[in-house]
Every structure is written in C-alpha cells, then in structure tokens.
Amino acid sequence: MGRRFALLIATYEYQDPGLRQLTSPAHDAEALAAVLRDPDIAGFEVTTLLNQPHHVVGEAIGDFYRGRRGDDLTLLYFTGHGLKDEEGRLYLAMANSRPDGLLFSALSDEQISQAMESCRSRQKVLILDCCYSGAFGRRPTKGDTSVQTLERFGGRGRTVLTASDATQYSFEGDRAQGHAAQSVFTRYLVEGLRDGGADLDGDGDITLDELYSYVYDRVVAEMPQQRPKKQADVEGRTVIAGNINWTLPGYLRNAVDSPLAGDRLGGIEGLARLHRIGNERVRAAVLEELGGLADDDSKSVSAGAAEALRSLTAGPEPAVAVAVAVEQPPVPVPERPSEPPPEPAPTSAPRVPRSRRTGIVAPAVTALVVALATVVTVILIDSGKGDGSSSHGSSAVAEGSRPVPGKTLDGAGTQVEFSPDGKTLATGDGKTVRLWQGGMTQPATVLTHQILGEFSPDGKTLATQTDQLKVRLRNIATGKTIGLGSEVDVSTAFSPDSRTIATASMVVTQQPHSVPVRVWDVATGKLRATLNGHTDGIEAMAFTPDGTLITASTDDTVRLWNVTTGKTIRTIGEDKEAYVYYMTASPDGKAIATWDGGDDAPLRLWNTATGKVITTLNGSGGAFSPDSKLFAFTDSTGLQLWDIGTDKSAKSLGGAGSPIRFAPKGNILAANALSSNSTVQLWDTATRKVTASLPGGADALASVAFSEDGQALAAADKKGTVRVWDVARYS
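Be aware that the sequence shown starts at 1, since it is given in the UniProt record's numbering, and climbs by one per residue.
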C-alpha cells in the first residue's frame, strides 16, 4: 500500500509593502493539516511551512517530491498571493517576494511543474487557494482576466484544484487590493473531509472528484462570483480520505425498515451493491444488515437475504442474490454516482421484527430469488447527447401523475423547480439534475454532470448547464438534447412563447469588454440574433410579456432590447446608479428591481417605460407578486413587503429571509424561516401574518418553489434535503 504525504504552504505576512497582508491562510493551513493528519480520516504525513522565503519553500518542494514511489500519494497545498508578471508568467508569492522582481524572489509555475514532473508518484495532487493579481505596476489587460492555472500545472498523474482561475484582485497604486476570499474554498475542503459530507456516493470513501464536487457546490452557493476549477490526468480514482461519520444511506435505511416486504426485497439488492463498492467499514455494516434481514418474518425476504449473505461471503467473485418482487416492486437503487447519499439516519435503535414494530402485516409477496454470477447494470442513454444522463426505464420523462406532496427526498439537492404544467419537480445539487413525478419513489430521469437551470414557460424544455458550464436544452417528452454554442458560465432566459432562449456570459472582469447577448431557436439550437452593448458580465435576464428582453450587467446598467431588430430600447443606470449585481423583473414587465447583494445596500425599483426610479429601498433578495402589485425583499431585520400601487413604506414582516417565493395566486408568500425548528414560513399577503411554519429541516433553506396550482411547495435546505409540502394542509 502506498504512503501518503502532504506539504502545506501558507504565506500571509509579506515583507514588501506592495503585497497586502492576509488573515485567513494561517487558519486555513492549520485546519487542513489537522484533518489530513488524522489517521481515522486521511492519514497523511503532513509538513507545514508558514511565511517562509522563496528559497526555503523551493528547497522543501524539491525534497517533498524526491524519493517517492509510484504508488505514493502526494498532496501540495498553497494559500496566499498568486502574481503574474509583465509576460503573463504565474508566480506564487512567498514572504520575501517582490512584485517588481518576481523572477528571483518568488516560485514560478515552471519550477513547481518541473518538480512534480520529476516525481515518480502516479497520484500527485496540487491545491491552490490563491487570490490572483495581474502584473504589478500596470492595470491588467483583457487577457489577464484568467490565470490558466490548470494549463500551467497540468500533467500526467496530476490533479489540480484551484479556488478560482480569475484575476479577481487588482493593483491600485503600489498595493494589492482585495479581500482574502480564498478561505471559503479551504473551509469547505476541511468540512467535507472532517464531517464526511464529501462522500457523495455513500461508499465510505471520499475521492478527489467527490471532494471537488462538494466544495464547488458550496463555494458557488456562497460566493457566486467565485468558480473553483479542476483538471485531472490520473488513472483510476484518487481516494483522499475515509468518511468517519458513514451510516447506511437513507434510501436503503427506509427500504430495510419498511413494513412492506417488497421494499425490503429491493433493499437486499441495494445492500449487495453497496457491499461491492464500499470500503471495509461499509462491507461490515452491510453484512450486519443482511444478517438481520435473514431473520425477517417474511420468508421471501429472509430467503433473499440468506442467499445474498452466501454470495457475498463465498469468495473473491461472489454470486449476488437479486430478489425480484412480483406484486410489490422493489425500491430502486440509484446508479453511482448520480444519487448522492442523504443525511445519515440513526443506527443505534435495536432491531425489532417489522410486524411488531409497526403493527402492520406486510402483504404477501411472491418472490423469485435468482443467483447470478455477475450483475449487469443497464443505463439508457439518449444517443447523440453524450451528457451522461440516465433514466429509470426511459431517456425521457414519461407521462405521469403530478408529484405527491408529503415527500422527503434525502440528498436530492439544494435547487428545486416545478415545471409550469406541475407534472415534474426538478431538483439539482450542482452536479446532478433529477426529474420527479407521481409518488416520487425514484426520479423519472437523472441527468449527471449537469446544473439545474429553468423550465420553458410551456414546460416542454429544460435548460441546464453541464459541469463545464455550457448550456443544454432538453426536450422533456423525447429526451433529445441540444447544446448551445461555446459560452461558459452563462445566465439564461426563455421568451414568453418558449420558442427562443437568451444566453450571456456572467464572467466578471477587471477591464471593460464587449459581452454579447445571444438569442437561440429552442427547437433547432440555431443562433437567431446577437445583441451588443454590455461591457461586463450579465448577471440576470428576463423577458417581458410583449417579448422585450431585459438584461442586467455588472457594468451597472440594465438594458431593454427589441430582440427582432437587435436594438436597445432603453438603458437604465447609465449614471452608474443602478447598483446591479442582481435583478428581477415584474411579471407584467412594467417594473424591475436591482440590487448589489448587501443586506442594507441600495435596492431600487425602476419604471421600465420611463427608466426612472420608482423608489429606493435598503435590502436585497427581491421577488414580485404574480399580479406585480407587491414586492418582497429582505434586509438585516428580516422580510419586508412593499405595496407598489399605494407607494407606501415597506411593511416589515420579520422573522424570515431569503430565498422567498410567491404562490401563483399571490395570496401566499413563502420565505426562509430564521427560527431553528422550522424550514419555511408561509405568510398571508393580505393580512401580512404568518399562516404556517412548516416543521423539519436540518439546515437553512437554499431554494423554494410552488407548483402551478399552488397546492404543493417544494423546499430544499443547504444540506440537500428536499421536502414537498401540501400547502392546503397548513393554510
């Protein structure tokens, strides 16, 4: 078995006054060292260097990579300033580094890459948690906005993770300006390893791919402008740590403990699969669960469990018992890695026969137990799209009944959205999109390596982004997928007739440059129009009922476009008073709200016909009511409601915050409850009073959505649990 070595370098005190002193790297390195060193978690031999000159660090890196074996795992971590010189070369700044003399006072990407190249290890991990800056003494050019870290440090046998790849920090005068935002990246690295949350497939091991996905989702959710990056050229998977808090995944716990024999039969297959993919601890737990099922009061379940035990303990290539329920279908087991594990369920309760524990006699189930030498997993993939999407039974969402309220979907994600026809609930966790219908015992369709976007107004198309952040349009009925252009990290908006979709880059840069808005034909994926005028990332877009497109950019302007002619109808905020980072438009298209994200920052409502300010408020996180008469937002004190028609001061509702969503009829407002014992608060918009506090939820609310009839409410918390509520029951 290979050895595990880690070298952590943190530089936060600089001798040169031109380099800003940082505060978080010391704590980041200490926390990461502790979790990597822990023998129960990762078991690395860890060396830490703090605020050392470049020659000491360079020598240490050389020694670190020297003498390693092919099966060793090496991890090099750096946190501090990354600097580019006049020629665009990248350097990591050390305590004695001088921005005007990087060649002889800092470590270049070439030096580090050469040291890695000389190392025999086939698994070399490089983690860079840097705030990057352009060349010292001059303003960065358009070409400086990306550091190309992955290209600079990539190579065979290497995996590179970086907190960001953009020069989000600029030089002004002779000092590097910017905050040490990199701490959020390392914080989630440590959290995912220490708590086991990064074990996304529930097999007991945390791979580097899982850790990156875990960190990416949380960093983007907390800091949308920061986009971590990853590049890997490694054979096989790299296991970085073990999940010390592993418990049986919730979907299996529910199956094993179900009063229905058919559910328990399905659980046997899931346990067998988990035994195949899990580590030693997981396999031991699986055998214990199967031992309990072997004593089940259902003969079919006990027979299936006994056969599975014999198969799993028979030898190096055991036969696996597959129990097939005839009358009661088994609980489906999601294919790895499309179904991340839910929150752990308690396992300490004593095992009691189901009939005595529930008082329910399971229906008779005729079962066929078949011993197979191998297990074949069938994934149906829509040919021609290659997006890794899979479906349980079909590549498209089958016609089915509407999602049933009262469900809890563990591990489904932090994003929720109902289709306009109410037949489909979409959930996303930042890397997998799941489409649910009917009883929601399993997703009707699973789209891997994709990020949830939005449904078209007619509900026939779903827009997503791939893990490369490129837009894809999926026909819900047929499963056919169309990719749009080569843009990455974009905002989107469907036209009211669902025939077109607008896309634009969200990337924020330091220098003004043209950011076009592209309008595409949804049916064919062909480009219809290109709208030019914005000079920085476009954070939000929306169509009005008459087809006018509204775009909001971090160049502090909002533009109204005639999509047919490609001309700008009106520009709002040319005086740089729009404070645009976020924007939302009223359903009737007569007003828009803009804000920059701060709790008490200026929030302005604008009249789209005149381009004039309707009112200025303090807050963020806005939403218009369906009739466009009310505007809800949050400030540091809680939830606020503004009556646009009466032009009276905002009414403080308190006790809740973002995210917020109006019901389709506008009579109910759902918001994130700030109390610890509830997830969502429902407010009556007429009386301005709370009508219900929906219980449950292990963490703060991440997103919320109503069905089109207002009868169901889906809420996702930040730990990925989705709950679907029957609103009528609580109103």
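Using N, Cα and C, we set each Cβ at its ideal position, and we do this for glycine too. All values reported here derive from a predicted model rather than from experimental measurement.
Membership of residue 219 in any beta strand (DSSP E) is not indicated; the residue belongs instead to the alpha helix (DSSP H) covering 208 to 222.
Between the region 220 to 232 and the region 63 to 70 there are fewer than three C-beta pairs closer than 8 Å, too few to call the two in contact.
When the five nearest sequence neighbours on each side are left out, the beta carbons in the same chain lying within less than 6 Å of the beta carbon of residue 710 are those of 663, 664, 665, in order along the chain. Taking C-beta atoms under 8 Å as the contact rule, residue 591 and residue 614 qualify, at a distance of about 6 Å. Contact between residue 305 and residue 293 is confirmed by a C-beta separation of about 4 Å, below the 8 Å threshold.
The C-beta distance from residue 505 to residue 490 rounds to 6 Å, short enough to fall under 8 Å. Between residue 456 and the set 681, 476, 537, 12, the nearest pair of CA atoms involves 476. The residue among 13, 715, 269 with its C-alpha nearest the C-alpha of residue 411 is 715.
Distances from the alpha-carbon of residue 6 to those of 19, 38, 233 put 38 closest. Under the DSSP assignment, residue 113 falls in the alpha helix (DSSP H) whose first and last residues are 109 to 117.
The C-beta distance from residue 242 to residue 204 rounds to 6 Å, short enough to fall under 8 Å.
Rounded to whole angstroms, residue 254 and residue 629 show a C-alpha spacing of 45 Å. Residue 81: member of the beta strand (DSSP E) spanning 73 to 84, first to last residue. Between the C-alpha atoms of residue 585 and residue 263 there is a straight-line separation of about 46 Å.
With a beta-carbon spacing of about 11 Å, residue 501 and residue 527 fall beyond the 8 Å limit used to define contacts. The way I'd put it, the region 43 to 50 doesn't touch the region 189 to 209; fewer than three beta-carbon pairs between them come closer than 8 Å. For residue 254, the enclosing alpha helix (DSSP H) stretches over residues 250 to 256. Of the residues 551, 479, 560, the one whose Cα lies closest to the Cα of residue 523 is 479.
Contact annotation: residue 652 and residue 634 have beta-carbon atoms that are not nearer than 8 Å. In this structure, residue 106 and residue 97 form a Cβ contact; the two beta carbons are roughly 4 Å apart against a cut-off of 8 Å. Taken through DSSP and simplified to helix, strand or coil, residue 431 comes out as coil. 726 is the residue among 191, 463, 726, 416 whose C-alpha sits nearest the C-alpha of residue 682.
Distance check between residue 208 and each of 302, 108, 74, 34 places 74 closest, using alpha-carbon atoms only. No Cβ-Cβ contact shorter than 8 Å links residue 436 with residue 448. Under the DSSP assignment, residue 58 falls in the alpha helix (DSSP H) whose first and last residues are 54 to 65.
Counting of Cβ neighbours within 10 angstroms places residue 624 among the buried residues, the total reaching 16 or more. Residue 507 and residue 485 do not touch by the CB rule: their CB atoms are close to 14 Å apart, not below 8 Å. Per the coordinates, the alpha-carbon of residue 12 lies some 6 Å from the alpha-carbon of residue 80.
Secondary structure of residue 592 (DSSP, three-state): strand.
In the DSSP annotation of this structure, residue 19 is not part of any beta strand (DSSP E), being labelled neither H nor E. Inclusion of residue 713 and residue 671 in the CB contact set at 8 Å is not warranted, their separation being larger than that value.
By DSSP's assignment, residue 643 forms a beta bridge with 630. Per DSSP, reduced to three states, the secondary structure at residue 449 is coil, with no helix or strand assignment.
Spatial neighbours of residue 252 in its own chain (CB-CB distance under 6 Å, excluding positions within 5 residues in sequence) are listed in chain order as 267, 270.
Going by C-alpha positions, residue 35 is about 11 Å away from residue 28.
Taking residue 689 as the centre and dropping the five residues before and after it, the same chain places the C-beta of 683 closer than 8 Å to its C-beta, in chain order.
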